[in-house]
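Report on one structure; see the data block that follows.
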Amino acid sequence: MNASALMAQREVIDTLGGLLEGNERFRAGEPRFKRDIESARRAAPSQNPKAAVFTCVDSRVTAESVFDCDFGQLAVIRTAGHVPDRAAVGSLEFVVSELGVPLIVVLGHERCGAVGAALSAVEEKSHDPRAGYLVEQLWQPAAQALEEAPDEAEPLAMRLQIQRTVADLKRRENLKDAMIVGAAYSLDTGEVTLVDE
Ligand SMILES: [Zn+2]
Numbered sequence: 191m192n193a194s195a196l197m198a199q200r201e202v203i204d205t206l207g208g209l210l211e212g213n214e215r216f217r218a219g220e221p222r223f224k225r226d227i228e229s230a231r232r233a234a235p236s237q238n239p240k241a242a243v244f245t246c247v248d249s250r251v252t253a254e255s256v257f258d259c260d261f262g263q264l265a266v267i268r269t270a271g272h273v274p275d276r277a278a279v280g281s282l283e284f285v286v287s288e289l290g291v292p293l294i295v296v297l298g299h300e301r302c303g304a305v306g307a308a309l310s311a312v313e314e315k316s317h318d319p320r321a322g323y324l325v326e327q328l329w330q331p332a333a334q335a336l337e338e339a340p341d342e343a344e345p346l347a348m349r350l351q352i353q354r355t356v357a358d359l360k361r362r363e364n365l366k367d368a369m370i371v372g373a374a375y376s377l378d379t380g381e382v383t384l385v386d387e
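In our numbering, the protein residues as written are 191 to 387.
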């Protein structure tokens, strides 16, 4: 790796560290940003987000709050269970290539409804037609979790789905310039912890 690539990598690691520091401020109840109309106006002229968060649609998971980021600092892409469908991947490709975002955090969370629906469907061996696409997409991690750890299937399925999403994104040629990491959010403590590949 040459010197400029090394420096770029160090910068991305600093950015990730900055997000985790923001999560510490959030948990301590000491957010730096109010994200009010003044912040919105300051950010309005142009955007230069430092990271993208690919997370679930769950209303309890708010990336800007969780990482204590201001307007203009995070690009957030959401699908239930962070299933990397075409529009989500295309959106990530857009923020990496057009906005130059060097870091993607795949953020899963506890007690995910989409993962829960897939676990139920696997247990009952039936696809719920209302959740057909998602259940299909989440079937594999749900089935694997139920087989490997029936008593801890929910947290394991979450972790597997984070790892799976990270691996999927890492295979994408158009995302090769970005660092991609997995993380899990605790609804109860507000803590974000990195998830190994
Ligand atoms: Zn969820």
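Note that the Cβ used here is the ideal one computed from N, Cα and C, for glycine as well. Since the structure is predicted, the reported quantities are computational estimates derived from the model, not experimental observations.
Using the three-state DSSP reduction, which class does Met197 fall into: helix, strand or coil?
helix
Which residue's Cα is closest to the Cα of Ile352: Phe244, Phe257 and Tyr323?
Phe244
Counting only runs that start and end within the region 192–271, where is the beta strand (DSSP E) found for 3 or more residues in a row?
241–245 and 264–268
For Cys246, verify whether its CB is less than 7 Å away from any heavy atom of ligand 1.
yes
If you follow the beta strand (DSSP E) that Thr383 is in, where does it begin and where does it stop?
Val382 to Val385
So is the beta-carbon of Ala270 under 7 Å away from any non-hydrogen atom of ligand 1?
yes
What does a CB cutoff of less than 8 Å around Arg333 pick up in its chain, not counting 5 residues either side in sequence?
Here the sequence assigns Ala to residue 333, which means Arg is not the residue at that position. Excluding positions up to five away in sequence, the list reads Val312.
Spell out a yes or no on whether the region 232–252 and the region 294–304 are touching, meaning 3 or more CB-CB pairs, one atom from each, closer than 8 Å.
yes
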